[in-house]
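Chains as they are written, first to last, in my numbering: chain A, 76 to 417; chain B, 76 to 417. Cβ coordinates follow ideal geometry from the N, Cα and C atoms, glycine included. Every value quoted in this text rests on a predicted model; they were computed, and no experiment measured them. Just below is one structure, and these are the notes that go with it.
Protein chains: 2
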Amino acid sequence: MSFESEIRRDPVCGRWAVVAPERSLRPMTLEGAEPRHRRNGERHPCPFCPGQEYDTPNEVLAHRTPGSQPDGPGWQLRVVPNKFPALRPDVGGDSCAIEGMVLLTTPGFGHAEVVIECPEHLTAPTALTHDQFAAIFRAYRDRLQALSEDPRVAYAAVFKNVGAEAGASLGHTHSQIISLPIVPESIEAELDGSRAFFARTGRCVFCDLAVRELAAGDRVIARSEHFIAVMAYAPRYAYEFWVLPLTHASRYENITNTDTLELAALMNRVLVALDRVRAEPAYNWFLHTAPLRSLELPHYHWHIEVLPRTARPAGLEWGYGCFITAVAPEQAAAELREALPG
Amino acid sequence: MSFESEIRRDPVCGRWAVVAPERSLRPMTLEGAEPRHRRNGERHPCPFCPGQEYDTPNEVLAHRTPGSQPDGPGWQLRVVPNKFPALRPDVGGDSCAIEGMVLLTTPGFGHAEVVIECPEHLTAPTALTHDQFAAIFRAYRDRLQALSEDPRVAYAAVFKNVGAEAGASLGHTHSQIISLPIVPESIEAELDGSRAFFARTGRCVFCDLAVRELAAGDRVIARSEHFIAVMAYAPRYAYEFWVLPLTHASRYENITNTDTLELAALMNRVLVALDRVRAEPAYNWFLHTAPLRSLELPHYHWHIEVLPRTARPAGLEWGYGCFITAVAPEQAAAELREALPG
Chain A
76 MSFESEIRRD PVCGRWAVVA PERSLRPMTL EGAEPRHRRN GERHPCPFCP
126 GQEYDTPNEV LAHRTPGSQP DGPGWQLRVV PNKFPALRPD VGGDSCAIEG
176 MVLLTTPGFG HAEVVIECPE HLTAPTALTH DQFAAIFRAY RDRLQALSED
226 PRVAYAAVFK NVGAEAGASL GHTHSQIISL PIVPESIEAE LDGSRAFFAR
276 TGRCVFCDLA VRELAAGDRV IARSEHFIAV MAYAPRYAYE FWVLPLTHAS
326 RYENITNTDT LELAALMNRV LVALDRVRAE PAYNWFLHTA PLRSLELPHY
376 HWHIEVLPRT ARPAGLEWGY GCFITAVAPE QAAAELREAL PG
Chain B
76 MSFESEIRRD PVCGRWAVVA PERSLRPMTL EGAEPRHRRN GERHPCPFCP
126 GQEYDTPNEV LAHRTPGSQP DGPGWQLRVV PNKFPALRPD VGGDSCAIEG
176 MVLLTTPGFG HAEVVIECPE HLTAPTALTH DQFAAIFRAY RDRLQALSED
226 PRVAYAAVFK NVGAEAGASL GHTHSQIISL PIVPESIEAE LDGSRAFFAR
276 TGRCVFCDLA VRELAAGDRV IARSEHFIAV MAYAPRYAYE FWVLPLTHAS
326 RYENITNTDT LELAALMNRV LVALDRVRAE PAYNWFLHTA PLRSLELPHY
376 HWHIEVLPRT ARPAGLEWGY GCFITAVAPE QAAAELREAL PG
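Below, the structure written as structure tokens:
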């Protein structure tokens with residue numbers, strides 16, 4: 076039995092899964108995850124705080140005060156490799172091993188990075204300043220651009236876990252970027268669905284959705300000049316919402332600095348409203364963008380999905396992919412609009 | 076805004092979701108779910124215990140002592156409509172309403188049933204007698220046969236939530252059957268994947284998998300004459316395993332009484348091992364079978380998937396459908412084999 080990480084394909088439905096025995100070394104358990112509001116000093120020094128830079132691998136990107144040294148203090152944002160990676164860039168082989176007919180596996184290649192979003196030990200993303208919040212979205216873009224230079228990378232997942240219930244193992248606000256040699260299942264499903272819609276109508280389904288939702292209004296939470304925040308029409312969790320650009324764009328890597336500021340402002344407003352309405356729930360957000368190095372796709376449209384943990388999925392959800400929510404998106408939108416900061 | 080239940084289709088990836096505001100009346104919250112080991116008497120009378128039959132809707136199936144009255148004591152197993160259904164059989168309209176181009180919804184039609192598996196207030200399925208355990212699998216079959224007589228039903232999801240972490244709101248051991256006017260996403264994905272494999276090879280991918288796994292051996296937990304229990308090759312959670320018949324069969328409705336006994340015995344043995352190895356984890360099991368009233372399909376193969384809650388999924392899992400597990404299936408199989416009851 077090998078203890079190296081593997082990426083395996085389900086023989087029936089094609090879902091990819093990472094088998095990463097090394098991850099069991101990570102100092103986190105279901106019970107032991109840091110709660111959202113634990114403060115610095117209640118535990119061993121937070122490895123994401125200034126002065127603890129020796130506790131993370133060397134930074135791959137940092138926003139720094141001029142004159143400060145890499146991997147020392149003096150930073151506003153750092154991107155570092157994950158100390159307990161599920162995937163590693165140094166594993167050999169880009170070929171897939173096929174065991175007979177049905178079982179497909181590939182070495183656990185990938186980059187696992189952590190975006191440490193601020194030097195202060197803040198646990199709520201909404202506590203960041205406007206500039207700090209916008210810097211997250213610039214860092215996403217810059218790392219996607221850098222990772223796309225590695226031809227072995229097919230996709231980079233960019234996501235954020237807020238709160239232990241949403242899978243965060245450390246409270247200090249951070250995001251993760253995991254590059255993969257495959258395109259993951261959810262993105263394939265969106266690419267397939269949007270391609271079919273385009274073939275049928277000649278239009279992008281996300282562009283259509285944005286126009287329709289703006290016209291209807293009852294699921295819209297907020298909009299800015301170039302972005303809209305709208306409830307998911309068929310949500311997995313109550314209060315699930317999406318943020319998408321109003322102008323067609325499939326590749327997040329092309330976002331301008333100005334647009335990252337506007338995106339950050341809109342995201343932050345809606346998250347403040349969510350914290351107010353649901354008493355600071357745990358949530359994930361994730362960026363869905365086209366596969367790296369793809370051309371601009373006419374049918375696909377990058378967006379961010381925000382998934383609050385407002386229920387506990389059971390057999391119908393896990394077994395059949397069919398989700399039940401007890402709060403209608405139209406009701407949730409009305410509550411969030413009401414709670415938006417001025 | 077309507078407060079009736081709706082089944083909505085995601086405009087991009089096609090996933091169906093149930094929006095059921097009535098469900099918010101259900102006396103369960105994320106915090107308030109009954110823990111797996113709470114005993115009767117610690118709470119208001121358990122609505123699934125004998126003497127409380129008035130607290131559930133009228134039974135649609137029961138295994139009863141001769142001479143006992145419906146909806147009174149004297150039963151060994153009862154199937155009753157869910158008191159807090161997400162879907163209801165009496166909602167009108169089998170037609171789908173299409174709002175313009177992209178948003179698809181259908182009324183919240185369906186049957187939501189609960190299988191109360193024993194009169195005793197047991198919370199661990201493995202505490203059931205052999206006959207009680209086998210009766211569950213007969214009840215599944217009999218309800219699938221009955222539900223397939225309703226032409227409005229396309230699929231019936233049959234699943235079990237064990238423990239609050241897995242979504243159970245009551246401890247008294249029970250299963251759920253939810254019939255749907257659509258085929259849910261996970262089943263569509265399996266049908267698509269297995270159809271593609273069959274087109275390529277002329278063989279059923281599940282039959283192939285069973286033969287391959289029996290030959291390799293390192294992911295097999297146990298087998299009986301007609302069934303195999305094997306770890307998922309690309310698991311979502313560590314210790315995920317599947318139980319499937321060794322002889323090709325796409326429709327669970329056709330299982331014989333003898334085979335339900337054998338299936339129950341194998342399931343029970345492996346669940347005892349799981350309880351030993353993982354200290355009685357929360358888990359779901361779900362039955363994947365062909366859509367109701369389908370002909371026998373050469374490419375599809377019914378099976379049961381068991382998903383223990385051994386980790387907390389985060390952004391990579393929820394956002395991309397890519398799961399990370401820290402225990403290799405081969406390691407998990409070895410542990411479970413070691414822990415099987417004699």
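How about residue i: is its C-beta nearer than 8 Å to some C-beta of chain A?
i: Arg113(B); result: For Arg113(B), the predicted structure reports a pLDDT of 45, less than 50, and the residue's modelled location is therefore unreliable. The matter cannot be settled from this model.
i: Tyr129(B); result: no
i: Gln151(B); result: no
i: Arg353(B); result: no
i: Pro122(B); result: no
i: Ser261(B); result: yes
i: Ser325(B); result: no
i: Val93(B); result: yes
i: Glu380(B); result: yes
i: Trp393(B); result: yes
i: Phe361(B); result: yes
Comparing alpha-carbon positions, which option in the options lies nearest residue i?
i: Arg90(A); options: Leu415(A), Gly396(A) and Val402(A); result: Gly396(A)
i: Ala488(B); options: Gly142(B), Leu372(B) and Gln144(B); result: The question about residue 488(B) has no answer here: the residues shown for chain B are numbered 76 through 417.
i: Ala365(B); options: Leu266(B), Leu319(B), Ala309(B) and Glu413(B); result: Leu266(B)
i: Leu336(A); options: Ile191(A), Ala264(A), Pro145(A) and Ala210(A); result: Ala210(A)
i: Ala313(A); options: Gln406(A), Glu192(A), Ile379(A) and Arg344(A); result: Gln406(A)
i: Ala95(A); options: Arg351(B), Gly185(B) and Pro404(B); result: Pro404(B)
i: Pro164(A); options: Thr201(A), Arg83(A), Pro256(A) and Gln127(A); result: Pro256(A)
i: Glu288(A); options: Ala307(A), Thr276(A) and His376(A); result: Ala307(A)
i: Gly121(A); options: Ala290(A), Leu197(A), Phe234(A) and His301(A); result: The sequence as given places Cys at residue 121(A); Gly does not occur at that position. Of the candidates Ala290(A), Leu197(A), Phe234(A) and His301(A), the one whose C-alpha sits nearest the C-alpha of Cys121(A) is Leu197(A).
i: Ala340(B); options: Leu370(B), Pro320(B) and Ser299(B); result: Ser299(B)
i: Ala199(B); options: Leu219(B), Lys158(B) and Pro356(B); result: Pro356(B)
i: Val166(A); options: Pro148(A), Arg153(A), Gly149(A) and Gly185(A); result: Gly185(A)
i: Val135(B); options: Asn343(B), Leu152(B), Ile399(B) and Gln127(B); result: Leu152(B)
i: Arg218(B); options: Ala291(B), Ser250(B), Gly246(B) and Thr322(B); result: Ser250(B)
i: Phe398(B); options: Gly238(A), Ala401(A), Ala161(A) and Pro86(A); result: Ala161(A)
i: Arg83(B); options: Glu260(B), Ala401(B), Gln127(B) and Leu245(B); result: Glu260(B)
If residue i and residue j are in contact, beta carbons under 8 Å, what's the gap, nearest whole angstrom?
i: Pro182(A); j: Val155(A); result: Not quite, the Cβ-Cβ distance comes to about 23 Å (not below 8 Å), so this is no contact.
i: Arg384(A); j: Tyr358(A); result: 6 Å
i: Ile303(A); j: Ala408(A); result: Not quite, the Cβ-Cβ distance comes to about 12 Å (not below 8 Å), so this is no contact.
i: Gly394(A); j: Ala232(B); result: 7 Å
i: Glu188(A); j: Thr248(A); result: At roughly 15 Å, the Cβ-Cβ gap does not stay under 8 Å, so Glu188(A) and Thr248(A) are not in contact.
i: Ile379(A); j: Val286(A); result: The Cβ separation is near 19 Å, so there is no contact.
Exposed or buried, what is residue i when buried is set at 16 or more other beta-carbons lying within 10 Å of its beta-carbon?
i: Tyr129(B); result: exposed
i: Asn332(A); result: exposed
i: His363(B); result: buried
i: Ala348(B); result: buried
i: Gln207(B); result: buried
i: Ala92(B); result: buried
i: Thr104(A); result: Legend: pLDDT at Thr104(A) = 39, less than 50; position of this residue unreliable, value from coordinates given subsequently. Counting Cβ neighbours within 10 Å, Thr104(A) comes out exposed, since fewer than 16 surround it.
i: Leu370(A); result: exposed
i: Ser143(A); result: exposed
i: Ala290(B); result: exposed
Under the criterion of a Cβ to heavy atom distance below 7 Å, does residue i qualify as lining the ligand NAP?
i: Leu321(A); result: Ligands are entirely absent from the displayed structure, and the ligand NAP is therefore not among its contents.
Which residues does DSSP pair with residue i in a beta bridge?
i: Lys235(A); result: Trp360(A)
i: Phe302(A); result: Pro320(A)
i: Ala137(A); result: Arg153(A)
i: Glu260(A); result: Glu260(A) pairs with nothing; no bridge assigned.
i: Phe212(A); result: Per DSSP, none; premise fails for Phe212(A).
i: Val295(A); result: Val305(A)
Any C-beta of chain B sitting closer than 8 Å to the C-beta of residue i?
i: Gly246(A); result: no
i: Ser88(A); result: Ser is not the amino acid found at residue 88(A); the sequence shown has Cys there. Yes, Cys88(A) lies at the interface with chain B (some Cβ there is under 8 Å from its Cβ).
i: Cys282(A); result: no
i: Ile253(A); result: yes
i: Thr400(A); result: yes
i: Pro310(A); result: yes
i: Leu422(A); result: The shown model of chain A, from 76 to 417, leaves out residue 422(A), and the question about it has no answer.
i: Ser369(A); result: no
i: Asn343(A); result: no
i: Tyr314(A); result: no
i: Arg270(A); result: no
i: Arg298(A); result: no
i: Gly396(A); result: yes
| task | Taking only beta carbons into account, state which residues of the segment 213 to 237 of chain B come closer than 7 Å to chain D, listed in chain order. | result | The structure shown contains no chain D; its protein chains are A and B.
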